[in-house]
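J.:
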Amino acid sequence: MYDWLNALPKAELHLHLEGSLEPELLFALAERNKIKLPWNDVEALRGAYAFNNLQEFLDLYYQGADVLRTEQDFYDLTWAYLLKCQAQNVIHTEPFFDPQTHTDRGIPFEVVLRGIRQALVDGEKQLGISHGLILSFLRHLSEEQAFETLEQAMPFRDAFIAVGLDSSELGHPPSKFQRVFAKARSEGLRCVAHAGEEGPPEYIWQALDLLKIERIDHGVRAIEDERLMQRIIDEQIPLTVCPLSNIKLRVFDDMRQHNILQMLERGVKVTVNSDDPAYFGGYVSENFAALHDSLGMTEAQARRLAQNSLEARLV
Numbered sequence: 001m002y003d004w005l006n007a008l009p010k011a012e013l014h015l016h017l018e019g020s021l022e023p024e025l026l027f028a029l030a031e032r033n034k035i036k037l038p039w040n041d042v043e044a045l046r047g048a049y050a051f052n053n054l055q056e057f058l059d060l061y062y063q064g065a066d067v068l069r070t071e072q073d074f075y076d077l078t079w080a081y082l083l084k085c086q087a088q089n090v091i092h093t094e095p096f097f098d099p100q101t102h103t104d105r106g107i108p109f110e111v112v113l114r115g116i117r118q119a120l121v122d123g124e125k126q127l128g129i130s131h132g133l134i135l136s137f138l139r140h141l142s143e144e145q146a147f148e149t150l151e152q153a154m155p156f157r158d159a160f161i162a163v164g165l166d167s168s169e170l171g172h173p174p175s176k177f178q179r180v181f182a183k184a185r186s187e188g189l190r191c192v193a194h195a196g197e198e199g200p201p202e203y204i205w206q207a208l209d210l211l212k213i214e215r216i217d218h219g220v221r222a223i224e225d226e227r228l229m230q231r232i233i234d235e236q237i238p239l240t241v242c243p244l245s246n247i248k249l250r251v252f253d254d255m256r257q258h259n260i261l262q263m264l265e266r267g268v269k270v271t272v273n274s275d276d277p278a279y280f281g282g283y284v285s286e287n288f289a290a291l292h293d294s295l296g297m298t299e300a301q302a303r304r305l306a307q308n309s310l311e312a313r314l315v
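Position 81 of the sequence shown, counting from 1, maps to 81 under full-length UniProt numbering, and the rest follow consecutively.
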């Protein structure tokens with residue numbers, strides 16, 4: 001079953017490039033950039049990957065991203081992810097990157113973008129993996145800072161297909177960024193947003209009605225609101241669900257409690273993604289395998305989930 005899942009053509013629509021930074025590469029970049037790490041070795045770092053919630057993960061995620069300094073670093077990060085895609089027959093990817101994670105450390109926007117972009121272009125030429133890059137705002141930062149980031153991105157407008165919204169969800173509702181997303185739409189950018197991971201269904205309503213998003217990232221808490229479920233089904237709004245992430249961050253205590261197949265059977269356009277695979281223990285195929293092992297996902301369901309991912313892509 002696992003080999004067959006691996007061979008299934010699929011798209012990945014919810015992947016944070018910074019979250020694909022494997023410990024081995026993190027240590028290599030730290031050495032290259034002469035950065036002292038708080039962990040003695042790769043195993044010590046892996047041992048820190050026990051999280052009780054989203055915030056505990058984010059604290060480590062931002063600490064890890066500090067090793068990314070040069071254009072070559074961002075290229076190597078992205079290329080390593082694309083090689084994983086090739087091995088798992090991910091034929092199209094729409095990754096997020098968080099410019100504010102880097103510009104706030106003094107790394108110029110264009111350094112980050114050039115490295116990522118060149119790897120994606122090379123991935124299309126050499127590996128046959130098509131792509132669309134999504135610029136994501138950090139929701140724990142201010143609306144003003146998001147506007148500044150959008151302004152920085154405008155000279156490189158053609159490098160992106162969409163804007164997104166991620167980071168700490170609770171206490172940072174989508175409504176906080178309504179004007180930023182309106183500006184992005186006026187520039188011709190598509191819109192997606194994280195909503196309904198730790199946040200309530202109300203955050204999903206806001207993302208749909210105020211941010212005018214076309215795709216919901218996570219969205220698993222939609223099932224708590226029947227009217228919202230009906231809208232998502234009727235309008236066929238895709239959800240980019242990340243099963244292993246949801247367990248690692250305690251959105252569900254156990255994979256057997258996950259609602260992705262329940263949603264699939266109700267007609268929701270759910271997709272399977274890896275979110276931050278270096279931290280959560282698996283890429284797309286491992287997420288599919290976890291659904292098979294814990295929920296008894298059938299071959300027909302796996303095919304529908306893979307097909308949904310290809311249909312839910314923005315480009």
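Backbone N, C-alpha and C fix where the C-beta goes; we use that ideal spot for every residue, glycine too.
I need the straight-line Cα distance from Pro277 to Gln257, nearest angstrom please.
T.: Start at 1 with the first residue of the sequence shown, and residue 277 comes out as number 277. Start at 1 with the first residue of the sequence shown, and residue 257 comes out as number 257. Approximately 21 Å between the Cα atoms of the pair.
J.: Straight-line CA distance for Asp201 to Leu170?
T.: Numbered from its first residue, the sequence shown carries residue 201 at position 201. Numbered from its first residue, the sequence shown carries residue 170 at position 170. The question names Asp, but residue 201 is Pro in the sequence shown. Between Pro201 and Leu170, the C-alpha separation is close to 12 Å.
J.: Considering only the beta carbon of each residue, do Leu264 and Leu305 sit closer than 8 Å?
T.: The sequence position of residue 264 within the sequence shown is 264, counting from 1. The sequence position of residue 305 within the sequence shown is 305, counting from 1. Closer than 8 Å, so yes.
J.: I need the boundaries of the alpha helix (DSSP H) containing Ile232, first residue and last residue.
T.: Taking the first residue of the sequence shown as position 1, residue 232 is located at position 232. Ile232 -> alpha helix (DSSP H) spans 226-234.
J.: Measuring CA to CA, which of Asp66, Glu187, His102 is closest to Leu29?
T.: Here residue 29 refers to the residue found at position 29 of the sequence shown. Ranking Asp66, Glu187, His102 by Cα distance to Leu29 puts Asp66 first.
J.: Helix, strand or coil for Phe137 per DSSP?
T.: If you number the sequence shown from 1, residue 137 lands on position 137. Note: Phe137 maps to strand in three-state DSSP.
J.: Evaluate the contact criterion for the stretch 293-311 versus the stretch 36-50: three or more CB pairs, one atom per stretch, below 8 Å.
T.: no
J.: Tell me whether Ile237 is buried or exposed, calling it buried when 16 or more other Cβ atoms sit within 10 Å of its Cβ.
T.: For the purposes of this step, residue 237 is identified with residue 237 of the sequence shown, where counting begins at 1. Ile237 should be labelled buried.
J.: For the putative contact between Leu150 and Ser175, defined by C-beta atoms under 8 Å, what is the C-beta separation to the nearest angstrom?
T.: Reading the sequence shown from its first residue, position 150 is the one you call residue 150. Reading the sequence shown from its first residue, position 175 is the one you call residue 175. Between Ser175 and Leu150 the Cβ distance is about 17 Å, and since that is not below 8 Å, they are no contact.
J.: Using a 10 Å radius around the Cβ and a threshold of 16 neighbouring Cβ atoms, would you call Asn246 buried or exposed?
T.: Translated into the one-based positions of the sequence shown, residue 246 becomes position 246. Answer is buried; the Cβ neighbour count reaches 16.
J.: State the beta-bridge partners of Lys10 as determined by DSSP.
T.: Position 10 of the sequence shown, counted from the start, is the residue given in the question as residue 10. Beta-bridge pairing links Lys10 to Val90.
J.: Measure from the alpha carbon of Pro95 to the alpha carbon of each residue in Arg105, Leu82, Ile107, then state which is nearest.
T.: As a working note, residue 95 is residue 95 in the sequence shown. Among Arg105, Leu82, Ile107, the Cα nearest to that of Pro95 is on Leu82.
J.: Terminal residues of the continuous beta strand (DSSP E) containing Arg215?
T.: Reading the sequence shown from its first residue, position 215 is the one you call residue 215. Its beta strand (DSSP E) spans residues 215-218.
J.: Mind checking which residues open and close the beta strand (DSSP E) that includes Val163?
T.: The count along the sequence shown starts at 1 and reaches residue 163 at position 163. Taken as a continuous stretch (DSSP letters only), the beta strand (DSSP E) holding Val163 covers 162-166.
J.: Please return the same chain residues whose Cβ sits closer than 6 Å to the Cβ of Ile35, not counting the five positions on each side in sequence.
T.: Residue numbering aside, residue 35 sits at position 35 when the sequence shown is read from its first letter. Only Val67 meet the Cβ criterion.
J.: Is the Cβ-Cβ distance between Cys191 and Glu214 less than 8 Å?
T.: Taking the first residue of the sequence shown as position 1, residue 191 is located at position 191. Taking the first residue of the sequence shown as position 1, residue 214 is located at position 214. Yes.
J.: Distance, Cα to Cα, Asn308 vs Val270?
T.: Residue numbering aside, residue 308 sits at position 308 when the sequence shown is read from its first letter. Residue numbering aside, residue 270 sits at position 270 when the sequence shown is read from its first letter. Asn308 and Val270: Cα-Cα distance of roughly 7 Å.
J.: Shortest alpha-carbon distance to Ile161 belongs to which of Thr93, Phe74, His194?
T.: Within the sequence shown, the letter at position 161 stands for residue 161. Comparing Cα-Cα distances from Ile161 to each of Thr93, Phe74, His194, the minimum goes to Thr93.
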